[in-house]
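Each residue of the sequence shown is one higher than the one before, starting from 137 at the first, in my numbering.
From the three backbone atoms N, C-alpha and C, an ideal C-beta is built for every residue, glycine too.
None of the values given here were measured: they were computed from a predicted structure.
Some notes on the structure that comes next.
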Amino acid sequence: MNGYLYLAPTFRDEFWKVKPETGTIVERYEMPGHVWGAPLVDISGIYGASTGGYVIKFRQDGSVVWRVNTGLGDFIAEAIVEAWANA
137 MNGYLYLAPT
147 FRDEFWKVKP
157 ETGTIVERYE
167 MPGHVWGAPL
177 VDISGIYGAS
187 TGGYVIKFRQ
197 DGSVVWRVNT
207 GLGDFIAEAI
217 VEAWANA
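Right, here's the structure in full:
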């Protein structure tokens, strides 16, 4: 989206907005636990899931719009974000 890549580095508590031409990390989106997959990015924001069942919506500048803990565990949180991507 907007010419950037959104990547989830393995076993890190964040994902990144990366400028593909240079590989430069433009923005870091901090999560409360390890991020298992790349975030969902759409025109309204960026949605990430992490260990502990957290789902967070960010603005492009990295500020948090909302944060929820599903209480259902790591993979359910990731499944929720993936389902939104396919809705």
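Given a cut-off of 9 Å, decide if residue j and residue i are closer than it, judged by their beta-carbon atoms.
i      : j      : result
Tyr142 : Ile179 : no
Glu166 : Lys153 : no
Arg203 : Ile216 : no
In whole angstroms, give me the CA-to-CA distance for residue i and residue j.
i      : j      : result
Gly184 : Arg195 : 11 Å
Asn205 : Gly188 : 7 Å
Ala213 : Tyr190 : 6 Å
Asn138 : Asp210 : 29 Å
Glu218 : Thr160 : 26 Å
Asn222 : Pro175 : 13 Å
For the candidate residues the options, whose alpha-carbon lies nearest to that of residue i?
i      : options                   : result
Phe147 : Val162, Ser186 and Gly139 : Ser186
Pro156 : Ala221, Leu208 and Tyr140 : Tyr140
Hey, does residue i have any beta-carbon neighbour from chain D nearer than 9 Å?
i      : result
Ile192 : Included in the structure is just one protein chain, with no chain D present.
(request) Can you check the stretch 141–180 for any beta strand (DSSP E) of at least 3 residues that lies completely inside it and give the ranges in chain order? (result) For the stretch 141–180, whole beta strand (DSSP E) runs of length 3 or above, ordered along the chain, are 141–143, 150–155, 160–166 and 176–178.
(message) Across the stretch 169–177 and the stretch 197–204, are there enough close Cβ pairs to call them in contact, namely three or more that are closer than 8 Å?
(response) Contact between the stretch 169–177 and the stretch 197–204 is absent: fewer than 3 CB-CB pairs across the two stretches fall below 8 Å.
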